Structures are given as structure tokens and as C-alpha cells.
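Just below is one structure, and these are the notes that go with it.
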Amino acid sequence: MTSLGASRSSSQHFSQSRKSRTFPARDLERMADADIEKLFQRIRWSETDGKPACPKCQHAESWRLENQRRWKCKGCHHQFTVTSSSILAYKQMDTREVFRAARSFAMLPKGYSAIAISHDLGCDYQTAWVLEHKFREAMLHSLQSIDRLHGTIEVDGCWVGGYIKPENTKVNRVDRRSAANQNGKRRVVVGIRERGPRGRTLVNVFDNEGQAVAWVREKCDRNAQIYADEGVGWLNLRGTHKLDQVNHSQRYAGDENGKRIEINTNQMESYFSRLRRVEHGTYHRIGGTYLLRYAAETAWRENNRHLDDRAKVELLIAACLKAPPSRSFSGYWQHHGANHVEFPQDDVFGA
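Just so you know, we're using this note's numbering here: the sequence shown kicks off at 8 and counts up by one.
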């Protein structure tokens, strides 16, 4: 007879297991500054086992300047640090603080707010806000390494933003579902996801689902089986892919006869459920200019949910050190501010 404790242990979620808890806060605090610097070097220059290479001319020989955390290239004499020419370039806080923020941001499944980061680091809210958006932009760039999805793929969309506050009296309220009464700020997050225990997720943002067809075609292998809901925009995928749809007004899964229950979009719905929890539980507002970044952050967490804590943190640091300097958030409060424009989709997805 199996005991209750053994039964619970056998069905324990990975995030509750000992294997996932590989980087407690005490381990970070015990690390010396030199150890953190070496870790960043090993991640940045993994091909040379941490030996610095010039980011300007790629020359492999350099020397370290005395009493400084920077090197000088023997080829072009360019001076650089471990974060030069990366999204963390021009940062004002030291590497330890960035590492501490990355640990807090990467580990939790539903995100970590900028106000919480500011309290952890003892920095201004504006500093934490920009740093978190640099993390999200690095996550966005890391999705570039995913070329195409294969096998069985689910496609779905989720509308975000465009909230209209109802009038106080019922007689003055309008039907907010009508296009004439909307404010034009609603956008749809379109996601495609492979099935399987290691299935990957890609996301993008559009004005409507019909605009996403070309992107879905580009990112899905031609031999893939695609499952979608009854949205008419997905019908255009039939010309290039094998497509089956489920009418959600009638059933959650299955064809017209209620059979073939594998025809569903449950995995994408799972992602959108997590995105909603991120919105309502952590960030409270993700629509507008930064919607693509928040969607990419949630997709990154979804893709790496099976990794242990330390692996997630190092993966985020690697994404930051590989991403180019941010055109949107470098010196944001000095010259951008409210004039910031939306991150171009073409830069990331080539759509």
C-alpha cells in the first residue's frame, strides 16, 4: 500500500523538487565579486572558456588594464569590458547587482515587478524598470535562435489592451464589443507552439489574426500539422499547411463529429492563461508599446520551464550578453522617455 506522502512525492511538480532549487540567495551572497566577474566572462566568451575577445575586431589577444575591470585589445587597442557591445553596455550598476536582479527576474514563473527589484537592490524604480525591459529585450532576441517549429503545432491568438471604462449609469453604457465603440488600442498576441514535453513557443503581436498568417507560414515547417480554432483568418493556412480547426463555440476539442480530440489548442491556451496571470498578478498592465516584450518574456519562461534555477539565471545572462545594445532603453530617461517607439518586429522575427 502506497502512503499518502509517497503518492504526493511521485506526482510532485518539478518546481517543487530539490533538483530545481539549485541557486538559493545565500549562494549568490557567498560569491566574491571576482567569481561573478569570471562567471560573466565564461558565459560571454564560452567558445574560449572565458578568455576575452575584442567585441570590435574579434581579436583573441588582449591584456587587462591594471586595477580595472576592462581589457585592451592588442589588435585595435579598443578598450572593453565583459558587457561591452551587449544589451548591458553603459550600465551604471555593478555586475553583482545585475546578477542579483537577473536571479530574481529569471526564477519566478509569473515574472518579477520592477518595484520589487528596486527594493531588492535599493535603487530607483526607473533604474529597475529599464533593467527589466533590457532583460525582456534580450529574451526577445533569444527567440531568434528558434528557426522553425516542427511536428504538431497549435496556433491561437489572445486579445490584450484597449480597455474602455464603462459609464457610471447603465443607460449611458455602450456595447464595448462593437468596433465602433473601441479605442483602437486592442492588439492580438499570436502564438505558435509545438506539442511535446519540450515543445517550444513563439509569439508575435498584430492588429488582427489575419495579419499573422504570413508569419505563421514562415515559422512553421511545411510538413507540420497545424491545429487552430474557428477563426476565419486561419483558413488561409490551408494553401501551405495541413490545417484542422476546432469550433470553440461548440466544443473544446474534436472535429465536427466530436471525434479526433487531438484537434485542440489547449497548449496555446495554457500559455495565454499564464500571460493573463502575469498581467493581472504581477505587472497589471502589459498592453500598448511594450506588449511584444511582455509576451516574449512569458514565452521564454514557458520554453525554459524545465530548467533548474541556476540554469535559468545563466541562460538569461547569456541572452543579455549576446544581444546588441538596446536602441530603446540605452539612456532611456535621458533622452527617450515618452517618445519611445515600439520595438520593430522585423528586427527580431524577420516577418
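Note that beta-carbon positions come from the ideal geometry of N, C-alpha and C, so glycine has one too.
Bear in mind that the values here come from a model prediction, so they are computed numbers and not experimental data.
Would you say the beta carbon of residue i is closer than 7 Å to some non-hydrogen atom of the ligand MG?
| i | result |
| --- | --- |
| threonine 176 | Looking for the ligand MG in the displayed structure turns up nothing, as the structure carries no ligands at all. |
With residue i as the anchor, note down where its alpha helix (DSSP H) starts and where it stops.
| i | result |
| --- | --- |
| serine 149 | 132-149 |
| valine 220 | 220-226 |
| lysine 329 | 316-329 |
| valine 105 | 102-114 |
| arginine 180 | It is not in any alpha helix (DSSP H) - arginine 180 carries neither H nor E in the DSSP assignment. |
| alanine 60 | Where alanine 60 is concerned, there is no enclosing alpha helix (DSSP H), given that its DSSP letter is neither H nor E. |
| glutamate 44 | 40-51 |
| proline 37 | Before going further, note that residue 37 is arginine rather than proline in the sequence given. Element bounds for arginine 37: 32-37. |
Kindly indicate the opening and closing residues of the beta strand (DSSP E) around residue i.
| i | result |
| --- | --- |
| isoleucine 171 | Element bounds for isoleucine 171: n/a, residue is neither H nor E. |
| tryptophan 307 | Element bounds for tryptophan 307: not the beta strand (DSSP E) but the alpha helix (DSSP H), 298-310. |
| glutamate 364 | No information on residue 364 is available, as it lies outside the stretch 8 to 358 that the chain covers here. |
Would you tell me roughly how many angstroms separate the C-alpha atoms of residue i and residue j, rounded to the nearest one?
| i | j | result |
| --- | --- | --- |
| lysine 79 | glutamate 68 | 9 Å |
| serine 10 | histidine 20 | Interpretation of serine 10 is limited by its pLDDT of 46, a score under 50 that renders its predicted location unreliable; the figure taken from the coordinates is listed afterwards. Roughly 18 Å separates the two Cα atoms. |
| arginine 15 | serine 24 | Per-residue confidence for arginine 15 stands at a pLDDT of 49, beneath the threshold of 50, marking its modelled position as unreliable; the derived number appears in the next sentence. Their backbone Cα atoms lie some 11 Å apart in a straight line. |
| histidine 287 | tyrosine 170 | 13 Å |
| lysine 266 | leucine 150 | 35 Å |
| aspartate 56 | arginine 143 | 26 Å |
| alanine 13 | lysine 26 | Only weak support exists for where alanine 13 lies, its pLDDT of 46 falling under 50; the value from the coordinates is given anyway. So the two alpha carbons sit approximately 17 Å from each other. |
| arginine 284 | tryptophan 166 | 14 Å |
| serine 18 | alanine 187 | 50 Å |
| isoleucine 160 | alanine 231 | 7 Å |
For residue i, list the residues DSSP reports as bridge partners.
| i | result |
| --- | --- |
| leucine 250 | Ile233 |
| threonine 159 | Gln232 |
| valine 212 | Val196 |
| arginine 245 | Paired residue(s): none; arginine 245 is not in a bridge. |
| arginine 71 | Trp78 |
| glycine 288 | BP columns for glycine 288 are empty, so no partner. |
| glycine 164 | Val197 |
| phenylalanine 87 | Trp78 |
Less than 8 Å between the beta carbons of residue i and residue j, yes or no?
| i | j | result |
| --- | --- | --- |
| glutamate 139 | alanine 113 | no |
| threonine 289 | glycine 168 | no |
| alanine 326 | alanine 108 | no |
| histidine 85 | lysine 63 | yes |
| valine 223 | isoleucine 199 | yes |
| leucine 328 | leucine 95 | yes |
| leucine 244 | valine 220 | yes |
| phenylalanine 87 | isoleucine 324 | no |
| serine 111 | aspartate 127 | yes |
| lysine 98 | threonine 90 | yes |
| histidine 255 | aspartate 228 | no |
| asparagine 403 | valine 253 | Residue 403 falls outside the range modelled here, since the chain spans only 8 to 358, and no answer is possible. |
| alanine 306 | serine 93 | no |
Assuming the contact rule is C-beta atoms closer than 8 Å, residue i and residue j should be a hit. Round their C-beta distance to whole Å, please.
| i | j | result |
| --- | --- | --- |
| methionine 275 | valine 162 | 7 Å |
| aspartate 251 | tyrosine 234 | 6 Å |
| asparagine 273 | threonine 208 | In fact, because the Cβ distance is near 13 Å, the residues do not count as touching under 8 Å. |
| aspartate 238 | glutamate 216 | Strictly speaking, residue 238 in this sequence is glycine, with aspartate absent from that position. About 5 Å; that satisfies the 8 Å criterion. |
| arginine 317 | threonine 29 | 4 Å |
| tyrosine 339 | valine 137 | 5 Å |
| phenylalanine 213 | arginine 193 | Actually they do not touch by this definition, with Cβ atoms about 11 Å apart. |
| glutamate 225 | leucine 156 | Not a contact, Cβ separation roughly 11 Å. |
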